[in-house]
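**Student:** Under the UniProt record's numbering, think of the first position of the sequence shown as 1, with each following residue one higher.
Note that beta-carbon positions come from the ideal geometry of N, C-alpha and C, so glycine has one too.
The model shown is predicted, which means the values in this text are computed figures rather than measured ones.
I'd like to ask you about the structure that follows.
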Amino acid sequence: MGRPPEGERGLTQCSGDLAISLGTSDTVFGISNEHKPSLQGHIFPDPVDAEDYMVMLVYKNGSLTREGGKIGFYYKEHEILPPLPVGEHRYVLEKFENDSLDDLRERTVDEFDAPSEVRALIEGQLLSMRAHAEKIGMPSPPRRIIATGGASSNECILSLMASIFGCDIYTVQRP
């Protein structure tokens with residue numbers, strides 16, 4: 001994200017909201033009234049409200065991964081969050097037939113068909129964002145998400161984001 005943090009506060013973000021920038025680096029911003037330091041993100045004084053803090057998570061493999069190409073995690077370079085090795089990690093869930101998870105099994109696979117590959121890549125990124133946002137104290141589900149950046153114009157990505165985070169997604173109007 002090429003803008004300073006106060007640029008994200010210009011999105012009319014309120015406590016309980018998340019802003020997600022889907023650019024070269026994916027970035028998740030949230031506002032909190034609690035200071036919860038974490039090794040998995042950044043916490044700054046809020047540039048708008050001196051009583052609040054701005055929480056920021058940065059993923060360097062954002063559009064780089066989406067444009068390169070079941071749950072999959074794809075790391076062309078070492079990732080900031082989570083600290084996993086470079087590579088492509090794909091998983092298929094088996095016996096996913098009822099509400100019980102007792103018989104659920106996972107297995108790794110070398111590849112998916114093309115449509116599943118794309119969906120797994122995007123779902124994996126969004127699941128990682130949600131998990132890390134929750135871990136550093138952001139609300140789950142958020143009140144709403146404000147999506148920005150180049151990939152925020154993709155309705156399919158926004159639909160997956162709404163499903164994974166469990167809230168409405170809003171975008172910034174573009175000229």
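Can the beta-carbon of T12 be found closer than 8 Å to that of M56?
**Tutor:** No. Outside cutoff.
**Student:** Among G137, M129, V172, which one has its Cα closest to the Cα of Y53?
**Tutor:** Comparing Cα positions, the closest option is G137.
**Student:** Would you report the Cα separation of G124 and I157, rounded to the nearest angstrom?
**Tutor:** Distance between the alpha carbons of G124 and I157: 12 Å.
**Student:** Determine contact between the stretch 139–154 and the stretch 19–26, defined as no fewer than three beta-carbon pairs at a distance below 8 Å.
**Tutor:** These segments touch.
**Student:** So, are the CB atoms of T108 and R119 less than 8 Å apart?
**Tutor:** Result no, Cβ atoms of T108 and R119 do not sit closer than 8 Å.
**Student:** Since I believe E106 is in contact with V92 (beta carbons under 8 Å), could you give me their beta-carbon distance rounded to a whole number of angstroms?
**Tutor:** That pair is a contact at about 7 Å.
**Student:** Helix or strand or just coil, what does DSSP make of P37?
**Tutor:** Coil at P37, not helix or strand.
**Student:** With a Cβ-Cβ cutoff of 8 Å, do P142 and G41 count as a contact?
**Tutor:** Cβ atoms of P142 and G41: not closer than 8 Å.
**Student:** Out of R144, V172, S153, state which residue places its alpha-carbon closest to the alpha-carbon of A162.
**Tutor:** Residue R144 is the option with its Cα nearest to A162.
**Student:** Taking only the alpha-carbon atoms, compute the straight-line gap between Y170 and S159 and give it to the nearest angstrom.
**Tutor:** Approximately 11 Å between the Cα atoms of the pair.
**Student:** Near D103, what residues of its chain come up, given a Cβ to Cβ distance below 6 Å and the 5 sequence neighbours on each side ignored?
**Tutor:** Same-chain partners within the cutoff: K95.
**Student:** Please report the straight-line C-alpha distance between F29 and E111, rounded to a whole angstrom.
**Tutor:** Straight-line Cα distance between these residues: approximately 33 Å.
**Student:** Take E155 as the anchor and find which of S128, I122, K135, S32 has the nearest alpha-carbon.
**Tutor:** Here the closest residue by C-alpha is I122.
**Student:** Does the beta-carbon of C14 have 16 or more other beta-carbons within 10 angstroms, so that it is buried, or is it exposed?
**Tutor:** Answer is exposed; the Cβ neighbour count stays below 16.
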